[in-house]
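Protein chains: 2
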Amino acid sequence: MRTWTYGHRADEGEVAALADIQVVPAPPVPWRPGAGTGVHLEPSLTMSEQTTARPPRKQRATLREVAQLANVHTSTVSRALSVKTRSMVNPNTVERVMAAAAYLGYRPNAIARGLRTSRSHSIGVLVPDLLNPVVPPIVQGLEARLVEAGYLVLLGNADHSPAREQALADAMQIQQVEGLIAFTATEDDQALDSLIEAGVPVVLVNRTVPDGSISAAVPDDHMCASLAVEHLVGLGHTSIAHVAGPQATSTGFRRREGFEAAIQEAGLPRSLELIVPADRYTEEEGARCCRELLSSGIPFTAIVAANDMLAVGCYDALAESGQACPDDISVVGCNDMPFTDRFDPPLTTVNIAHRDLGSAAAELLLELIHDPELPPRQIIVTPALVVRGSTAPPRRSRRRW
Amino acid sequence: MRTWTYGHRADEGEVAALADIQVVPAPPVPWRPGAGTGVHLEPSLTMSEQTTARPPRKQRATLREVAQLANVHTSTVSRALSVKTRSMVNPNTVERVMAAAAYLGYRPNAIARGLRTSRSHSIGVLVPDLLNPVVPPIVQGLEARLVEAGYLVLLGNADHSPAREQALADAMQIQQVEGLIAFTATEDDQALDSLIEAGVPVVLVNRTVPDGSISAAVPDDHMCASLAVEHLVGLGHTSIAHVAGPQATSTGFRRREGFEAAIQEAGLPRSLELIVPADRYTEEEGARCCRELLSSGIPFTAIVAANDMLAVGCYDALAESGQACPDDISVVGCNDMPFTDRFDPPLTTVNIAHRDLGSAAAELLLELIHDPELPPRQIIVTPALVVRGSTAPPRRSRRRW
DNA sequence: CAGTGGTGCGCAAACGTTTGCAGTGGAAAG
DNA sequence: CTTTCCACTGCAAACGTTTGCGCACCACTG
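Chains as they are written, first to last, in my numbering: chain A, 1 to 401; chain X, 1 to 401.
If you want it as structure tokens, here you go:
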């Protein structure tokens, strides 16, 4: 269907642009069109003669080669090619330089440039687990904003291993990232310390540190939980359980706080037995916690799970014990992962604009790079309840209707 | 809960290791323990005096500073710190250098190193859409293998835009990636041309180019489709439709081929009207194609979708038209995305080890980096059928039981 | 016609490494 | 005691850019 053109691409129109260059036959130019006489720049697409004509060899063209071809100094080429300094050089020369650069297929070497300018144009992004469904949309949001700002994203997947996280953070520091965005796994995370100490701007996304010393973009976790509780209270539930997230994470901690506050707000009795924290955000843990709730003997008609993963774990435990959802027990998740609308039953959950979370974090980082002295700041994105099929009025209250 | 230690970390044990360094009071050392007299290296954790003692300032320590402190030449430091050249230098000196490096918190500058060695230690990964559920596991597989090999991953999300893809590919080339792994969106993809032309090793993952000129790791698409067909035939279906993928993608094209071959193999009549290709791998397209099939009037009892996304689109169209799945029409997907087991009904699909796909692609790239002259090679991973609730014997055949 | 100002460009240093080469010293060999 | 060799380390160049500085030239102005 198509063939890769390894040689010179005829459709680039660069050769024509070079036509009006007056090439002085500089001796050590590796490239000699008419043996130093004219400017006869036939593309010469013959593959056979590999050592003559046809400029773009494997070796990348350097600034010096462009300079030689355009008959100027490298500094002039540099200035002509950079849009900020272009005004310093004669438009005529600019044109000549650009033509030569195009002809040679010149690409700046970001490594060399970075060494001189001490900028790497790259941002490290450290995620605990790429397979967690909330991660990709956040990364997407990040990446879009960062690319827009001229950065490239160095992605590291820590895979829940502190050692790997540390190694990645170190490697990124060595790679001279200009900033780092981390979904730090745990609260007491050594990995970021050395970066922060070294003055690398760091922001967190989706989670924070307790002392708020690092800028972060987070969902309004408090509200996530209270939205769920208010929804259930509105349906008539009066005994609501909470499968909480790991209390060492800011999401788990704050959503539990939000849950308790909303319960109190609704005038419902506070019963600590109905709150059971998971050790991790997994289905298994969700199921375990739900089983614990069921076997506690304390009656309840609804569960607020700190997370969709935990919520589907609840689905499993409920099915095991013969309880129907939502007929016997309602379940609310949090995150609105993809395809939760296709679950059986479709999961009522709290949507978080993860993409916005990502771009907000990127924005914070860009600010911080611009002015490293900026005090830490939090961006809080407000969630929204999504009512689907996993919640219904409790039996008792329905019977009254 | 915890406090960030911005100053010197007392628990690093580096200061102690430095105890036996004999520091000659070199004049321009920014750091002077006892004003040139002794080696009295008290950590001196007083935050108040910010301008004295306490080595690790904001500025990253450089090789020269380590050399000065250890009283050797930079070249010796370089050799002592690199594990390959360490044998060249006196063990005593090595120890002294390492202590000095640790004391100053020295980190090599990968940019400077890269300029010298013309290695960037980074690999570009170009994805069409991070939100596509098959992408994260592939990236995870890639990343794990590449990090293991000492590389960092530069992730670019093209977001289905050829322009963006081109821009990202260019930026990565400028960043001097040592190789590129692409989930190329379309067959005639200009974006990779310039990289390949420049001699950057490139491999594809999940998709290929028709002429096989680029190494790739792909699923056995042919088998994906035939597994689905064989399963349905085994259930007794004799009239099977195919919602094909975009025919410009190798997955779409090959799965259709596999479908047709399997139909023929089973001795079923070939009817082109029962094959309708989608324009994109989306739910909407799946629904559209399914509607087209339903309105064609040609009877069928099962659908093989080229993709789970298309399959859930079929769910929608079937529900619209009042057809039950699997009672009226069975549906088989492909990819075994996460949570397909929780769909209603749980989706019978073909599992592809996407993680392995990723690590295989990484392996191919590493080979190619090692020996750029290697001929292109394909790694094909075999899929496996996962039977769930969306397939059942056709009514006709069930009635016979 | 001297003075002034501005434009355009070259020169060279610098960024932080790595590495071929050469030099030093000491030990082993003659 | 001289020679040879080896182990160790310093010297300096190079990687490809960017950028402050200064020079040359030209066009004004007075």
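Each residue gets a CB set at the ideal place from its N, CA and C atoms; glycine is no exception.
Everything numeric in this text was worked out from a predicted model, so none of it was measured.
Integer-rounded CB distance, given that residue j should sit under 8 Å from residue i
{"i": "Gly141 of chain A", "j": "Arg355 of chain A", "result": "4 Å"}
{"i": "Asp170 of chain X", "j": "Asp344 of chain A", "result": "Actually they do not touch by this definition, with Cβ atoms about 46 Å apart."}
{"i": "Gln175 of chain A", "j": "Ala61 of chain X", "result": "That pair is no contact at about 17 Å."}
{"i": "Leu357 of chain A", "j": "Val233 of chain A", "result": "Not really, about 27 Å apart at Cβ, beyond 8 Å."}
{"i": "Val203 of chain X", "j": "Leu374 of chain X", "result": "About 11 Å; that fails the 8 Å criterion."}
{"i": "His450 of chain A", "j": "Asp211 of chain A", "result": "Residue 450 of chain A lies beyond the stretch modelled for chain A, which goes from 1 to 401, so this question has no answer here."}
{"i": "Thr238 of chain X", "j": "Leu268 of chain X", "result": "6 Å"}
{"i": "Val229 of chain A", "j": "Val304 of chain A", "result": "6 Å"}
{"i": "Ala70 of chain A", "j": "Ala100 of chain A", "result": "4 Å"}
CB of residue i within 9 Å of CB of residue j, strictly
{"i": "Tyr281 of chain A", "j": "Asn157 of chain A", "result": "no"}
{"i": "Val243 of chain X", "j": "Arg342 of chain A", "result": "no"}
{"i": "Ile240 of chain X", "j": "Phe183 of chain X", "result": "no"}
{"i": "Val66 of chain A", "j": "Ile352 of chain A", "result": "no"}
{"i": "Leu274 of chain A", "j": "Leu294 of chain A", "result": "no"}
{"i": "Val139 of chain X", "j": "Ile379 of chain X", "result": "no"}
{"i": "Gly245 of chain X", "j": "Ala278 of chain X", "result": "yes"}
{"i": "Cys289 of chain X", "j": "Leu318 of chain X", "result": "no"}
{"i": "Glu257 of chain X", "j": "Asp220 of chain X", "result": "no"}
{"i": "Arg255 of chain A", "j": "Gln264 of chain A", "result": "no"}
{"i": "Ala216 of chain A", "j": "Leu126 of chain A", "result": "no"}
{"i": "Gln173 of chain A", "j": "Arg107 of chain X", "result": "yes"}
{"i": "Leu155 of chain A", "j": "Val153 of chain X", "result": "yes"}
{"i": "Gly105 of chain A", "j": "Ser120 of chain X", "result": "no"}
{"i": "Pro136 of chain A", "j": "Pro136 of chain X", "result": "yes"}
Chain-ordered chain A contacts of residue i [CB-CB under 7 Å]
{"i": "Arg342 of chain X", "result": "Val312, Phe343 and Asp344"}
{"i": "Ala171 of chain X", "result": "Leu152"}
{"i": "Arg60 of chain X", "result": "Ala198"}
Contact set between residue i and chain X, taken where Cβ atoms lie within less than 7 Å
{"i": "Asn109 of chain A", "result": "Gln176"}
{"i": "Met88 of chain A", "result": "Near Met88 of chain A there are no residues of chain X at all, since even the closest Cβ is about 23 Å away, more than 7 Å."}
{"i": "Leu115 of chain A", "result": "Ile111, Ala112 and Leu115"}
{"i": "Ser120 of chain A", "result": "Ile111"}
C-alpha distance - residue i paired with residue j, whole-angstrom precision
{"i": "Asp308 of chain A", "j": "Val331 of chain A", "result": "10 Å"}
{"i": "Gln247 of chain A", "j": "Val209 of chain A", "result": "13 Å"}
{"i": "Glu367 of chain A", "j": "Cys334 of chain X", "result": "43 Å"}
{"i": "Arg404 of chain A", "j": "Thr85 of chain A", "result": "Outside the displayed range of chain A (1 to 401) lies residue 404 of chain A, so it cannot be described from this structure."}
{"i": "Val77 of chain X", "j": "Val94 of chain X", "result": "8 Å"}
{"i": "Pro201 of chain A", "j": "Pro372 of chain A", "result": "7 Å"}
{"i": "Tyr81 of chain X", "j": "Arg113 of chain X", "result": "Residue 81 of chain X is actually Leu in this sequence, not Tyr. Distance between the alpha carbons of Leu81 of chain X and Arg113 of chain X: 13 Å."}
{"i": "Leu385 of chain X", "j": "Glu143 of chain X", "result": "27 Å"}
{"i": "Arg395 of chain X", "j": "Asp327 of chain X", "result": "7 Å"}
{"i": "Val387 of chain X", "j": "Leu227 of chain X", "result": "11 Å"}
{"i": "Ile298 of chain A", "j": "Ile329 of chain A", "result": "13 Å"}
{"i": "Arg164 of chain A", "j": "Thr74 of chain X", "result": "30 Å"}
{"i": "Arg145 of chain A", "j": "Ala362 of chain A", "result": "6 Å"}
{"i": "Ser321 of chain X", "j": "Pro162 of chain A", "result": "52 Å"}
{"i": "Leu347 of chain A", "j": "Thr391 of chain A", "result": "8 Å"}
{"i": "Thr251 of chain X", "j": "Glu178 of chain A", "result": "38 Å"}
{"i": "Ser118 of chain X", "j": "His370 of chain A", "result": "29 Å"}
{"i": "Met88 of chain A", "j": "Arg79 of chain A", "result": "7 Å"}
{"i": "Cys224 of chain X", "j": "Leu310 of chain A", "result": "32 Å"}
{"i": "Glu148 of chain A", "j": "Glu285 of chain A", "result": "39 Å"}
{"i": "Tyr315 of chain A", "j": "Cys325 of chain A", "result": "7 Å"}
{"i": "Ser296 of chain A", "j": "Gln166 of chain A", "result": "40 Å"}
{"i": "Leu404 of chain X", "j": "Ala266 of chain X", "result": "A query on residue 404 of chain X cannot be resolved here, the shown segment of chain X reaching from 1 to 401 and no further."}
Contact list for residue i against chain X, beta-carbon separation under 8 Å
{"i": "Glu143 of chain A", "result": "Leu130, Leu155, Gly156 and Asn157"}
Interface partners of residue i on chain A, CB under 9 Å
{"i": "Phe339 of chain X", "result": "Pro133, Val312, Met337, Pro338, Phe339, Thr340, Arg342 and Phe343"}
{"i": "Thr64 of chain X", "result": "Note on residue identity: the sequence assigns Arg, not Thr, to residue 64 of chain X. Within chain A, no residue comes near Arg64 of chain X; the closest Cβ sits about 15 Å away, beyond 9 Å."}
Closer than 8 Å at the beta carbon, the chain A residues around residue i
{"i": "Pro136 of chain X", "result": "Leu130, Leu131, Val135 and Pro136"}
Under 9 Å by beta carbon: chain X residues contacting residue i
{"i": "Asp140 of chain A", "result": "Reading off the sequence shown, one finds Gln at residue 140 of chain A, where the question assumed Asp. Near Gln140 of chain A (Cβ distances below 9 Å), the residues of chain X are Asp129, Leu130, Leu131, Asn157 and Asp159."}
Next item on the list: Return the residues of the stretch 199 to 224 of chain A that lie within a Cβ-Cβ distance of less than 7 Å from chain X, sorted by chain order.
Entry: Gly199, Pro210, Asp211 and Ser213
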